[in-house]
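Trainee: Position 41 of the sequence shown, counted from 1, bears residue number 123 in my numbering, the numbering being contiguous throughout.
Structure in structure tokens, see below.
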Amino acid sequence: MVGTETSPFEPQIVEALRTVYDPEIPVSIFEMGLIYDLRIREDGKVKVVMTLTTPSCPVSEEIPGMIRRALLAVDGVTDVAFELVWDPFWKPEYMTEESRLQLGLW
């Protein structure tokens, strides 16, 4: 993750993101390195800056809704917005070491 604003419920937000999986890959979007930035405001609004593994990702329409549901379940989160970016383009190197090992990419 590139950076985050400090928030008392940031750890819960990160844990919620660890529960969201691309249905085609057995690794969370957080562990995949798809979350580039979290912007958490004091009023509970969260902006997720993220990418996908490819512009033609077949579940690109579903993932924001999955993230929204997971984050709105966090006590203190009042709204979730998204910014989908392609720069920098996602690379397997963004994945956690554990994720790469799990997928046999190490």
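All C-beta atoms in this analysis are idealised placements derived from N, C-alpha and C, irrespective of residue type, glycine included.
Using alpha carbons as the reference points, say which of Gly186, Trp172, Gln94 lies closest to Leu120.
Mentor: By 1-based counting over the sequence shown, the position of residue 120 is 38. Of the candidates Gly186, Trp172, Gln94, the one whose C-alpha sits nearest the C-alpha of Leu120 is Gln94.
Trainee: For the alpha helix (DSSP H) that contains Arg151, what are its first and last residues?
Mentor: To locate residue 151, count along the sequence shown from 1; it is residue 69. Its alpha helix (DSSP H) spans residues 145 to 154.
Trainee: To which residues of the same chain is Leu116 closer than 6 Å at the C-beta, ignoring the five residues directly before and after it?
Mentor: Reading the sequence shown from its first residue, position 34 is the one you call residue 116. Excluding residues within five positions, the ones whose Cβ falls inside 6 Å are Met132, Thr133.
Trainee: Is the number of C-beta pairs between the region 143 to 157 and the region 174 to 188 that are closer than 8 Å three or more?
Mentor: No, they do not touch.
Trainee: For Arg150 and Val162, which I take to be in contact (beta-carbon distance under 8 Å), what is that distance rounded to the nearest angstrom?
Mentor: For the purposes of this step, residue 150 is taken as the residue at position 68 of the sequence shown. For the purposes of this step, residue 162 is taken as the residue at position 80 of the sequence shown. Yes, Arg150 and Val162 are in contact; Cβ-Cβ is about 5 Å, under 8 Å.
Trainee: If you draw a straight line from the C-alpha of Tyr118 to the C-alpha of Ile111, how long is it?
Mentor: What you label residue 118 is simply residue 36 of the sequence shown in a count that begins at 1. What you label residue 111 is simply residue 29 of the sequence shown in a count that begins at 1. So the alpha carbons of these two residues sit roughly 11 Å apart.
Trainee: List the endpoints of the continuous alpha helix (DSSP H) containing Val162.
Mentor: Looking up residue 162 in the sequence shown gives position 80. Premise fails: Val162 lies in the beta strand (DSSP E), 161 to 166, not in any alpha helix (DSSP H).
Trainee: Closest to Lys127 by C-alpha separation, out of Met114, Cys139, Asp157, Pro137, would be which residue?
Mentor: By 1-based counting over the sequence shown, the position of residue 127 is 45. Among Met114, Cys139, Asp157, Pro137, the Cα nearest to that of Lys127 belongs to Asp157.
Trainee: Give me the Cα-Cα distance between Leu154 and Gly186, rounded to the nearest whole angstrom.
Mentor: By one-based count along the sequence shown, residue 154 stands at place 72. By one-based count along the sequence shown, residue 186 stands at place 104. Roughly 33 Å between the two C-alpha positions.
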